[in-house]
Amino acid sequence: MNNLLHLFAMGNYGWYVWPAYGITLAVFGINVWIFSLEKKQIKKIIQQYLNHQP
Numbered sequence: 001m002n003n004l005l006h007l008f009a010m011g012n013y014g015w016y017v018w019p020a021y022g023i024t025l026a027v028f029g030i031n032v033w034i035f036s037l038e039k040k041q042i043k044k045i046i047q048q049y050l051n052h053q054p
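This note's numbering numbers the first residue of the sequence shown as 1 and each following residue consecutively.
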């Protein structure tokens, strides 16, 4: 149990490290989410373009 607490404390730098990990994961998650939204929009635009071709 003490080793686990020591791991989370990271030599008293845990207060800086863990929030940085959280922010990094949040930014990656937001990037993936935005990419998926843009991908849907791009597919929709391409489909509309192809449907309106003579």
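Where a beta carbon is used, it is the ideal one built from N, C-alpha and C, also for glycine.
Considering only residues of the same chain and omitting the five flanking positions on each side of residue i, which have a CB-CB separation below 7 Å?
i, result
"residue 14", "8"
"residue 17", "10"
Distance check for residue j and residue i, CA to CA, integer angstroms please.
i, j, result
"residue 50", "residue 40", "15 Å"
"residue 42", "residue 26", "24 Å"
"residue 45", "residue 32", "20 Å"
"residue 5", "residue 24", "22 Å"
"residue 53", "residue 20", "49 Å"
"residue 47", "residue 29", "27 Å"
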